[in-house]
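Asks: Protein chains in written order, with our numbering: chain A, 25 to 120; chain B, 1062 to 1378.
Idealized CB from N, CA, C, for every residue including glycine.
This structure is in structure tokens; I'll ask about it shortly.
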């Protein structure tokens, strides 16, 4: 279950407990309507499991937003945090 | 008894006394000398044996050190540090590859969905063709009815109406074929999408676990290696210290040889002193004074000191 809110140049995407391939279309819908220059906030505080497709989806979000855009991942913990660290996502996304 | 006989008797006893004294001095001196010589030989033999043992120990240590070095050099020029970074790099490359495949697969799926939308648009067009064909057939039917009303005049037009009806049928047939192809296309897209989905979705737990266990194994290996290396170095240092300490044998030998020489001198001086003693004289004879001086010198003569030990930080005396 993914909810998203586009407020001006700021798009907040709140993810559910499992962020895997099954979230593909919902996740895409959450950001596909945002215009260029939007800053993204991906709330992962409820997420307790991610698979490799989740990494692919976050990279697709970055493709959509552009390399220079600001994507912030917040509230990442447990297994998702370990996976994102192993994936070196701390180099390409902002974490808080 | 006259005084001459008393003197002769006393002199005889004195000579016997000095002879017994000389013999006792000789016995004592040779006993001390033999003890000292025995001590010197015992120390020399024991030290030689210790040196041989420590030498063997050192060569065993060198063999061990060599074995350890060959393990570390097998791991890389920089030992386990290189091995560690190579292993971490391998894990990172594996993870990067998983992410790259996932990213590309997700892209492919997006493209497949967009392709699917185009294909759906074809279906909508085919349906439009269907409805056009239906309308055309209906018009052809009406035209045919009109030609019947027109009688002979309409006969040629009837052929045209039939031809239009046939073309409408052909259009409907074509539309059915298009939709059949589109169905196949959808099926193929579905299979491709499921394949891409499998490529995109991998459980990452094994990657986390393998990375953690790899890193901890490397750390343990490194720890063991460092411990063994430092232990071997410590033992090596101790053995070298021991070997250096064993040089005390040199000094002990010198001291003992010096003692042997002094005991021998002491013995001969004692004999001379006995020979020089004369109960008739009231004052010390020249010989007595000379022997006394020689004994004093014997006590004073330079002795072996620690300064003689050329090498060695180890204090022995």
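1. Between residue 3/A and chain B, is the shortest Cβ-Cβ distance under 8 Å, so that the two count as touching?
2. Taking a cut of 8 Å between CB atoms, which residues from the region 60-93 of chain A lie near chain B?
3. Residues of chain A with CB closer than 7 Å to the CB of residue 1258/B, please, in chain order.
4. Chain B beta carbons: is any one of them nearer than 8 Å to that of residue 48/A?
5. Helix, strand or coil for residue 92/A? Go by DSSP, reduced to three states.
6. Under 8 Å Cβ to Cβ from residue 1163/B, same chain only, skipping five residues before and after it: list those, please.
7. With a cut-off of 8 Å, does the C-beta of residue 102/A fall near any C-beta of chain B?
8. Three-state secondary structure (DSSP) at residue 1144/B?
9. Out of 100/A, 120/A, 85/A and 103/A, which one is the CA nearest neighbour of residue 50/A?
10. Nearest CA to the CA of residue 68/A: which residue from 94/A, 45/A, 26/A and 32/A?
11. If we count the other Cβ atoms within 10 Å of its Cβ and call it buried at 16 or more, is residue 1298/B buried or exposed?
12. Just verifying my parser: in three-state terms, what is the DSSP assignment at residue 28/A?
13. Relative to the C-alpha of residue 1009/B, which residue among 1240/B, 1167/B and 1160/B is closest?
14. Between the alpha carbons of residue 1258/B and residue 111/A, how many angstroms are there, rounded?
15. Closer than 7 Å by C-beta to residue 1275/B: which residues in its own chain qualify, once you throw out the five before and the five after it? Chain order, please.
16. Within this structure, are the beta carbons of residue 1289/B and residue 1122/B separated by less than 8 Å?
17. Residues bridged to residue 119/A by DSSP?
18. Give the single residue among 1120/B, 1255/B and 1247/B whose Cα lies nearest to the Cα of residue 1167/B.
19. For residue 80/A, count neighbouring Cβ atoms within 10 angstroms of its own Cβ and tell me buried if that reaches 16, exposed if not.
Replies: Taking the coordinates as given:
1. Outside the shown range of chain A, which is 25 to 120, sits residue 3/A, and nothing can be said about it.
2. 74, 75, 76, 77, 79, 80, 81, 83, 84 and 87
3. Here residue 1258/B refers to the residue found at position 197 of the second chain. Per Cβ cutoff of 7 Å: 45.
4. Working through the first chain from its first residue, we reach residue 48/A at position 24. Against chain B, the CB of residue 48/A has a partner CB under 8 Å away; the residue lies at that interface.
5. In the first chain, residue 92/A corresponds to position 68, counting from 1. In the structure shown, residue 92/A sits in coil (DSSP, three-state: anything other than H, G, I, E or B).
6. Here residue 1163/B refers to the residue found at position 102 when the second chain is read from its first residue. Only 1260, 1261, 1262 and 1263 meet the Cβ criterion.
7. Locating residue 102/A in the first chain gives position 78, counting from the first residue. Interface flag for residue 102/A against chain B is unset, since no Cβ pair is found closer than 8 Å.
8. In the second chain, the residue the question calls residue 1144/B occupies position 83. Residue 1144/B falls in the helix class under three-state DSSP.
9. As a working note, residue 50/A is residue 26 in the first chain. Considering only alpha carbons, the answer is 85/A.
10. For the purposes of this step, residue 68/A is taken as residue 44 along the first chain, with counting starting at 1. The shortest Cα separation from residue 68/A among 94/A, 45/A, 26/A and 32/A belongs to 26/A.
11. Your numbering for residue 1298/B matches position 237 in the second chain. Under this definition residue 1298/B is an exposed residue.
12. Within the first chain, residue 28/A is the residue found at index 4, counting from 1. Reduced to three states, the DSSP call for residue 28/A is strand.
13. Outside the shown range of chain B (1062 to 1378) lies residue 1009/B, about which nothing can therefore be said.
14. Counting from one through the second chain, the residue named residue 1258/B turns up at place 197. Counting from one through the first chain, the residue named residue 111/A turns up at place 87. In a straight line, the C-alpha of residue 1258/B is about 19 Å away from that of residue 111/A.
15. Position 214 of the second chain holds residue 1275/B. Closer than 7 Å at the Cβ level, and outside the excluded window around residue 1275/B, lie 1148 and 1152.
16. As a first step, residue 1289/B is located in the second chain; it is residue number 228 there, counting from the start. As a first step, residue 1122/B is located in the second chain; it is residue number 61 there, counting from the start. Not a contact, by the Cβ cut-off of 8 Å.
17. Counted from its first residue, the first chain places residue 119/A at position 95. In the DSSP output, where bridge partners are listed per residue, residue 119/A has 97/A.
18. On the second chain, residue 1167/B is found 106 positions in, with the first residue counted as 1. Residue 1167/B has its Cα closest to that of 1255/B, out of 1120/B, 1255/B and 1247/B.
19. Against the first chain, residue 80/A aligns to sequence position 56. Buried, by the Cβ-count rule.
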